[in-house]
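S.K.: Dumping the structure here so I can ask a few things about it.
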Amino acid sequence: MAFAVTVCFATSSYAQSLNSSYFLEGSFTRHEINPAFAPERDYFTLPALGGYYFGAQSTVGASDFIFDSKSYPGKLTTFMSRDVDRQSFLGSLPSDSRVNSAFSVDVLSFGFRTRGGYAFLGLKIRGGETVSIPKEMFEFMKSGLSTGTYSVSDAVVSAISYADLEFGESRRFGDNLTLGAKIHMLAGIAYGDVKINSLQARLDGEQWRVRLDAESNVGLNGLTFQQKSDGTVDVENPDYKFNGLSGWGLAFDLGAEYDMSDIVDGLRLSASVTDLGFLRWGKGHRYTNNPEKEFLFDGFHDVEDDQDLEDQCDQLSEDFQALADFYDKGEDALSAGPAATVRFGAEYALPGIQWLSAGELITLRTGLWHSFESRTSVNMAPARWFDASLNVAFSTFGTTMGWMLDFHPRGFNFFIGSDGLRIKLSKDRIPMEATSADVQFGVRFPIGMPKNI
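One gets the working numbering by counting positions in the sequence shown from 1 and adding 384 to each.
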């Protein structure tokens with residue numbers, strides 16, 4: 385079950401391109417966050433080289449759920465161990481344990497001048513995972529068979545992957561205004577979620593009486609589950625046979641930049657909205673339990689510290705499966721896709737030092753886990769073939785330092801950067817604390833000499 389995996393390994397990002405590239409004029413990727421920004425030259429990419437983005441953001445880390453065993457020194461155990469104090473464990477958790485991850489792979493892309501503008505064409509594979517589990521769920525899990533009643537609502541685990549074919553154009557109007565737009569044709573690969581809308585539990589002797597309103601939605605063409613004798617779904621034994629893509633959708637990017645030099649020399653203002661659209665899973669399946677049925681539940685079991693961590697997580701998975709029995713409600717069209725992002729930027733080139741500028745970028749992200757970010761940057765282009773940015777961001781996820789290096793001599797472009805690397809890893813490479821980390825890198829091949837569009 386997705387909940388058990390999340391509890392045992394709470395790792396995760398949010399965006400799929402770097403804000404650190406926003407003010408770098410030599411960048412061949414910043415049009416991904418504002419389509420008005422045309423690169424200085426034509427370019428193309430090759431498969432497996434064009435660009436990769438990976439990121440993670442969370443309000444919790446593995447150290448909130450995984451502990452050193454007191455009974456068996458040298459072994460790790462989960463929060464369900466008897467040795468882990470309930471109050472200490474719960475006291476360290478936020479009101480919602482949230483995890484967000486995202487990735488993007490540039491399969492192939494091109495950029496080239498058109499008559500009066502600049503055109504973009506590209507294909508990417510994108511995806512991510514979102515998790516939000518309220519503290520009340522962990523209170524119930526850790527309660528054993530203690531006296532009390534528990535109420536849980538709005539717990540969600542979801543994952544998505546899709547192909548993104550984009551094309552668009554940036555065009556200048558007059559001497560000051562540049563507008564850009566893109567259309568994204570989205571092809572769904574897979575989608576899945578598990579939602580607990582509400583859970584009510586009260587102790588009755590040695591068992592819990594539970595009412596549960598839960599559902600699961602799956603968008604994966606060719607995936608089927610066998611039914612048990614009682615009519616519920618056997619989630620342990622899925623069958624899958626590829627039967628084409630699972631969904632389709634459209635999204636749009638819109639962007640603008642205005643040169644304010646007529647009023648304030650060196651000042652440019654810009655704005656964009658990206659991923660504004662939908663992704664519809666036409667052959668999705670919906671699974672629900674019976675929310676009117678009250679049933680008895682033995683509770684979550686304490687784990688034994690002498691078990692391996694993987695076995696302890698398997699125990700959690702079994703407990704979750706005992707908590708919820710799902711019935712197949714048949715095919716149901718689902719709507720789930722990328723969340724829109726809005727940006728506002730202002731850049732000021734320092735008088736007499738044209739290669740140095742200061743920038744301020746405000747970012748608003750929508751979706752299940754919406755966020756706000758204010759990023760202040762110092763941007764440098766000391767040579768025609770090199771741009772760099774150093775910046776600091778204040779956001780929903782805390783304070784992070786970002787940076788970007790972009791090398792673009794004739795015929796070759798290499799870029800690497802991060803909007804923040806606030807992450808502490810264990811010796812097993814597991815994030816131990818709340819995380820805000822991402823990285824983007826790749827190689828592109830410019831063509832010709834720099835020219836204005």
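Virtual Cβ for every residue (Gly too), placed ideally from N, Cα, C.
Cα separation between G751 and S542?
M.R.: Walking along the sequence shown from the start, residue 751 turns up at place 367. Walking along the sequence shown from the start, residue 542 turns up at place 158. Cα-Cα distance, rounded: 12 Å.
S.K.: How would you label D631, buried or exposed, when you count the other beta carbons within 10 angstroms and need 16 or more for buried?
M.R.: In the sequence shown, counting from the first residue as 1, residue 631 sits at position 247. Just to set this straight, residue 631 is Gly in the shown sequence, not Asp. With 16 or more other Cβ atoms within 10 Å, it is buried.
S.K.: What residue range does the alpha helix (DSSP H) around A706 cover?
M.R.: Mapped onto the sequence shown, residue 706 falls at position 322. Start and end: 693-707.
S.K.: What whole-angstrom Cβ distance do V827 and L505 have, given they're in contact under 8 Å?
M.R.: Sequence index remark: in the sequence shown, residue 827 carries index 443 (1-based). Sequence index remark: in the sequence shown, residue 505 carries index 121 (1-based). Rounded, the Cβ-Cβ distance is 18 Å, inconsistent with contact.
S.K.: Using the Cβ count rule (16 or more neighbours within 10 Å means buried), how would you classify Q610?
M.R.: On the sequence shown, position 226 is the one that residue 610 refers to. With fewer than 16 other Cβ atoms within 10 Å, it is exposed.
S.K.: Have a look at A720, A724, A733, L680 and flag the residue whose alpha-carbon is nearest the alpha-carbon of V648.
M.R.: If you number the sequence shown from 1, residue 648 lands on position 264. Nearest C-alpha to V648 among A720, A724, A733, L680: A733.
S.K.: Whole angstroms is fine: what's the gap from A821's alpha carbon to N775's?
M.R.: Working through the sequence shown from its first residue, we reach residue 821 at position 437. Working through the sequence shown from its first residue, we reach residue 775 at position 391. For A821 and N775, the distance between alpha carbons rounds to 14 Å.
S.K.: Under a Cβ-count criterion, where at least 16 other Cβ atoms within 10 Å of its own Cβ denotes burial, should G500 be classed as buried or exposed?
M.R.: Residue numbering aside, residue 500 sits at position 116 when the sequence shown is read from its first letter. Classification of G500: exposed, given that the 10 Å Cβ count is below 16.
S.K.: Does DSSP put A717 in a helix, in a strand, or in coil?
M.R.: Numbered from 1 along the sequence shown, position 333 holds the residue referred to as residue 717. Looking at A717 - three-state DSSP - the assignment turns out to be coil, as it is neither helix nor strand.
S.K.: Less than 6 Å between C-beta atoms, sequence neighbours within five positions excluded: which residues of the same chain meet that for P766?
M.R.: The residue you call residue 766 lines up with position 382 of the sequence shown. Correct list, in chain order: W739.
S.K.: Taking the alpha carbon of S535 as the point to measure from, which residue in R497, R425, R595 has its own alpha carbon closest?
M.R.: For the purposes of this step, residue 535 is taken as residue 151 along the sequence shown, with counting starting at 1. S535 has its Cα closest to that of R595, out of R497, R425, R595.
S.K.: Return the residue from the list A574, S488, E620, I746 that minimises the CA-CA distance to I509.
M.R.: Translated into the one-based positions of the sequence shown, residue 509 becomes position 125. Comparing Cα-Cα distances from I509 to each of A574, S488, E620, I746, the minimum goes to S488.
S.K.: Expressed to the nearest angstrom, what Euclidean distance is found between the alpha-carbon atoms of I573 and T429?
M.R.: Position 189 of the sequence shown, counted from the start, is the residue given in the question as residue 573. Position 45 of the sequence shown, counted from the start, is the residue given in the question as residue 429. So the two alpha carbons sit approximately 23 Å from each other.
S.K.: Among the residues of its own chain, which have a CB less than 6 Å from the CB of G435, if the five just before and after it don't count?
M.R.: Along the sequence shown, read from residue 1 onward, the residue named residue 435 stands at position 51. D490, G826, listed in sequence order.
S.K.: Judging by CA-CA distance, which residue of L570, A422, F524, Q705 is the nearest neighbour of T498?
M.R.: Sequence index remark: in the sequence shown, residue 498 carries index 114 (1-based). The shortest C-alpha separation from T498 is found at A422.
S.K.: Going by DSSP, what residue range makes up the beta strand (DSSP E) through S758?
M.R.: Taking the first residue of the sequence shown as 1, we reach residue 758 at position 374. Start and end: 755-767.
S.K.: Given a threshold of 16 other Cβ atoms within 10 Å of its Cβ, counted over all protein chains shown, does E842 qualify as buried or as exposed?
M.R.: As shown, the chain starts at 385 and ends at 837. That puts residue 842 outside it, with no answer to give.
S.K.: Which residues in the same chain have their Cβ closer than 8 Å to the Cβ of V619, if we skip the five residues on either side of it in sequence?
M.R.: As a working note, residue 619 is residue 235 in the sequence shown. Same-chain partners within the cutoff: M385, F609, Q705, F710.
S.K.: Applying the 10 Å Cβ sphere with the 16-neighbour rule, what's the burial state of S645?
M.R.: Locating residue 645 in the sequence shown gives position 261, where the first residue counts as 1. By the neighbour-count rule (16 or more Cβ atoms within 10 Å), S645 is not buried but exposed.
S.K.: Can you tell me where the alpha helix (DSSP H) holding R470 begins and where it ends?
M.R.: What you label residue 470 is simply residue 86 of the sequence shown in a count that begins at 1. That run of the alpha helix (DSSP H) goes 470-475.
S.K.: Please name the residue in Q591, Y502, G714, G786 whose C-alpha comes closest to that of S668.
M.R.: In the sequence shown, the residue the question calls residue 668 occupies position 284. The sequence shown places Gly at residue 668, rather than the Ser named in the question. Looking at the Cα atoms, G714 is the closest of the given residues.
S.K.: Beta carbon of L718, beta carbon of Y575: below 8 Å?
M.R.: Taking the first residue of the sequence shown as 1, we reach residue 718 at position 334. Taking the first residue of the sequence shown as 1, we reach residue 575 at position 191. Contact annotation: L718 and Y575 have beta-carbon atoms nearer than 8 Å.
S.K.: Just confirm the distance between the C-beta atoms of A585 and T533, as a whole number of angstroms; I'd bet it's less than 8 Å.
M.R.: For the purposes of this step, residue 585 is identified with residue 201 of the sequence shown, where counting begins at 1. For the purposes of this step, residue 533 is identified with residue 149 of the sequence shown, where counting begins at 1. Indeed they touch by this definition, with Cβ atoms about 7 Å apart.
S.K.: In three-state DSSP terms, what is A788?
M.R.: For the purposes of this step, residue 788 is identified with residue 404 of the sequence shown, where counting begins at 1. Per the sequence presented here, residue 788 reads as Met, with Ala not at that position. Of the three classes helix, strand and coil, the one that applies to M788 here is strand, per DSSP.
S.K.: In this structure, how does DSSP classify A432 when only helix, strand and coil are distinguished?
M.R.: On the sequence shown, residue 432 is found 48 positions in, with the first residue counted as 1. In the structure shown, A432 sits in coil (DSSP, three-state: anything other than H, G, I, E or B).
S.K.: Smallest Cα separation from L563: which of D643, G439, Q699?
M.R.: Counting from 1 along the sequence shown, the entry for residue 563 is found at position 179. Of the listed residues, the one whose Cα sits closest to L563 is D643.
S.K.: Would a C-beta distance cut-off of 8 Å place L583 and F522 closer than the cut-off?
M.R.: Residue 583 sits at position 199 when you count from the first residue of the sequence shown. Residue 522 sits at position 138 when you count from the first residue of the sequence shown. Cβ distance not < 8 Å, so L583 and F522 don't count as in contact.
S.K.: Out of Y624, L745, E702, F798, state which residue places its alpha-carbon closest to the alpha-carbon of F681.
M.R.: One-based indexing of the sequence shown puts residue 681 at position 297. Ranking Y624, L745, E702, F798 by Cα distance to F681 puts E702 first.
S.K.: Please check the pair A635 and H568, which I expect to be a contact at CB under 8 Å, by giving their CB distance rounded to whole angstroms.
M.R.: Residue mapping note: residue 635 aligns to position 251 of the sequence shown, counting from 1. Residue mapping note: residue 568 aligns to position 184 of the sequence shown, counting from 1. Correct: roughly 4 Å between the Cβ atoms.
S.K.: So which of H415, F829, G736 has the shortest CA-CA distance to R555?
M.R.: Sequence index remark: in the sequence shown, residue 555 carries index 171 (1-based). Ranking H415, F829, G736 by Cα distance to R555 puts H415 first.
S.K.: What's the C-alpha gap between R418 and Y406?
M.R.: As a first step, residue 418 is located in the sequence shown; it is residue number 34 there, counting from the start. As a first step, residue 406 is located in the sequence shown; it is residue number 22 there, counting from the start. First, the residue type needs correcting, since residue 418 is Asn and not Arg in the sequence shown. Cα to Cα, N418 sits roughly 8 Å from Y406.
S.K.: Could you check whether A565 and T658 sit closer than 8 Å to each other, using their CB atoms as the reference points?
M.R.: Position 274 of the sequence shown, counted from the start, is the residue given in the question as residue 658. Position 181 of the sequence shown, counted from the start, is the residue given in the question as residue 565. In this structure, T658 sits away from A565, with a CB-CB distance that is not shorter than 8 Å.
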